[in-house]
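All remarks here apply to the structure that follows.
Numbering (UniProt numbering), first residue to last: 1 to 463.
Next up, the structure:
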């Protein structure tokens with residue numbers, strides 16, 4: 001739900017899923033009024049006691065509403081309770097709680113008992129009573145938006161305050177590819193040696209929208225570097241050398257293309273606290289992340305352990321009643337990791353024994369996202385697989401668990417989202433890619449191109 005600042009007052013009716021998606025959403029409507037039907041409060045009440053991650057969001061939303069309405073009388077709640085102002089130049093909005101069960105049915109032909117229909121009915125009632133003021137229903141439920149329009153509601157929107165881009169095609173890739181040869185496009189360049197490294201200073205005009213830690217390559221395959229610093233006049237670039245970058249390796253794995261090479265360089269760089277790997281299925285995200293983790297933990301001894309986690313199919317809620325410990329319960333969901341370990345050791349004389357030995361040697365732990373809250377993870381590599389199915393709030397929970405000396409690797413494929421509540425543009429993966437793209441301790445690499453097999457490549461392109 002994107003809004004432009006306007007002097008025209010509007011009324012926003014919020015669906016339950018908006019407050020579950022962002023518990024403080026009702027504070028984000030600037031000078032406009034916000035209506036929360038009683039049905040929404042009832043749904044929050046039913047959800048808050050469940051043993052699921054979404055129950056926490058319901059409790060946070062209820063407490064946030066209570067903070068605003070604590071001292072309000074019933075009459076004030078009907079007339080509207082003033083919301084905190086976000087801009088002193090704009091008039092403040094008001095929060096209304098409406099008992100929608102007493103509103104006459106405005107939707108003939110639709111079942112009146114369903115909660116969605118009660119909320120739509122509230123919006124239709126307000127549209128009739130408050131006209132010509134615009135009444136807008138805000139919901140993340142696509143089908144509910146369609147039903148509301150079909151029932152005669154003029155304004156229905158998605159909630160997009162936390163949506164940083166409108167089209168995933170414009171998502172930051174982590175690199176810029178020059179057409180032709182890099183050096184043929186450079187005018188003035190000042191080069192210096194910093195220890196064993198060579199850095200170049202070029203005009204900012206070459207790349208006006210450069211970001212820190214953005215990789216630079218060219219079509220002629222003659223240059224590969226990374227942006228170290230950006231000022232108003234110039235860009236500082238670390239020169240890797242294309243061939244040297246392609247010869248990087250970790251745990252016996254060599255990159256098959258320049259995208260994997262950039263990812264491997266970022267993963268092995270001790271200055272990178274957060275590495276985000278995006279790309280289609282079969283591009284090597286998990287394999288390269290695991291190979292780099294083993295290299296850093298066992299060969300270089302820079303970290304003490306590897307923690308591997310991902311969301312379970314129930315949107316990071318219960319891990320269920322499978323028998324065994326937490327790690328045994330998580331094993332079916334983390335089969336991609338064990339598959340990658342088997343690939344890394346398939347040429348060993350006893351591959352199965354090698355995998356077990358490496359898991360013990362590298363102290364590889366399988367953990368559930370459920371039990372991350374409240375932890376402080378020190379001196380470890382955390383691999384968060386399939387994080388396209390996590391919300392921004394869930395990813396924030398995990399990122400803030402990372403203590404001193406911890407590297408976080410997030411990987412995901414935005415074309416394979418299983419969550420009922422997320423899309424490619426609202427995924428937590430998209431959110432952190434955009435939020436961290438200018439953070440000096442992180443980098444993003446989109447691994448362009450499927451290398452698993454020609455079957456996977458054909459399926460990715462044609463199915």
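Ideal Cβ positions, reconstructed from N, Cα and C, are used throughout, including at glycine.
Which same chain residues, not among the five before or five after residue i, have their C-beta less than 6 Å away from its C-beta?
i           : result
residue 183 : none
residue 259 : 447, 448
residue 150 : none
residue 228 : 236, 238
residue 402 : 377, 408
residue 33  : 11, 93, 94
residue 294 : 251, 362
residue 16  : 40, 43
Going by the beta-carbon positions, is the gap between residue i and residue j smaller than 8 Å?
i           : j           : result
residue 274 : residue 341 : no
residue 239 : residue 177 : no
residue 215 : residue 204 : no
residue 44  : residue 58  : yes
residue 18  : residue 140 : yes
residue 11  : residue 126 : yes
residue 212 : residue 433 : no
residue 202 : residue 186 : yes
residue 383 : residue 297 : no
residue 281 : residue 416 : yes
residue 412 : residue 278 : yes
residue 38  : residue 98  : yes
residue 418 : residue 379 : no
residue 358 : residue 350 : no
DSSP state of residue i, grouped into three classes?
i           : result
residue 132 : coil
residue 249 : coil
residue 29  : coil
residue 160 : coil
residue 212 : coil
residue 302 : coil
residue 205 : helix
residue 466 : This structure cannot speak to residue 466, because the chain is shown only from 1 to 463.
residue 82  : strand
residue 428 : helix
residue 6   : Note that residue 6 has pLDDT 49, beneath the 50 cutoff, so the model's placement of it is unreliable and no number is given.
residue 46  : helix
residue 217 : strand
residue 167 : coil
residue 186 : coil
residue 124 : helix
residue 148 : helix
residue 318 : The predicted position of residue 318 is uncertain, since its pLDDT is 49 and thus under 50; no value can be drawn from it.
May I ask which residues mark the beginning and end of the alpha helix (DSSP H) holding residue i?
i           : result
residue 223 : Segment: none, residue 223 is in no alpha helix (DSSP H) and carries neither H nor E.
residue 74  : 74 to 79
residue 260 : 258 to 268
residue 462 : 454 to 462
residue 390 : Neither: residue 390 is in no alpha helix (DSSP H) and is coded neither H nor E.
Less than 7 Å between C-beta atoms, sequence neighbours within five positions excluded: which residues of the same chain meet that for residue i?
i           : result
residue 255 : 246, 248, 261, 264
residue 455 : none
residue 288 : 253, 260, 263, 264, 267
residue 241 : 224
Tell me where the beta strand (DSSP E) around residue i begins and ends.
i           : result
residue 380 : 380 to 385
residue 190 : 189 to 194
residue 356 : Careful: residue 356 lies outside any beta strand (DSSP E), inside the alpha helix (DSSP H) at 351 to 361.
residue 275 : 274 to 278
residue 446 : 442 to 446
residue 412 : 407 to 412
residue 364 : 364 to 368
residue 237 : 234 to 239
residue 287 : Unbroken run through residue 287 is the alpha helix (DSSP H), 285 to 294; no beta strand (DSSP E).
residue 177 : 175 to 178
With burial defined as no fewer than 16 other Cβ atoms inside 10 Å of the residue's Cβ, what is the status of residue i: buried or exposed?
i           : result
residue 23  : buried
residue 387 : buried
residue 301 : exposed
residue 73  : exposed
residue 170 : exposed
residue 142 : exposed
residue 400 : exposed
residue 499 : Outside the displayed range of the chain (1 to 463) lies residue 499, so it cannot be described from this structure.
residue 70  : exposed
residue 271 : exposed
residue 394 : buried
residue 67  : exposed
residue 121 : buried
residue 49  : exposed
residue 385 : buried
Can you list, in chain order, the residues of its chain whose CB lies under 8 Å from that of residue i, leaving out five sequence neighbours each side?
i           : result
residue 464 : This structure cannot speak to residue 464, because the chain is shown only from 1 to 463.
residue 76  : none
residue 133 : 9, 10, 11
residue 104 : 125
Can you tell me whether residue i sits near the ligand GDP, meaning its C-beta is under 7 Å from at least one heavy atom of the ligand?
i           : result
residue 125 : The ligand GDP is absent from the structure shown, which contains no ligands of any kind.
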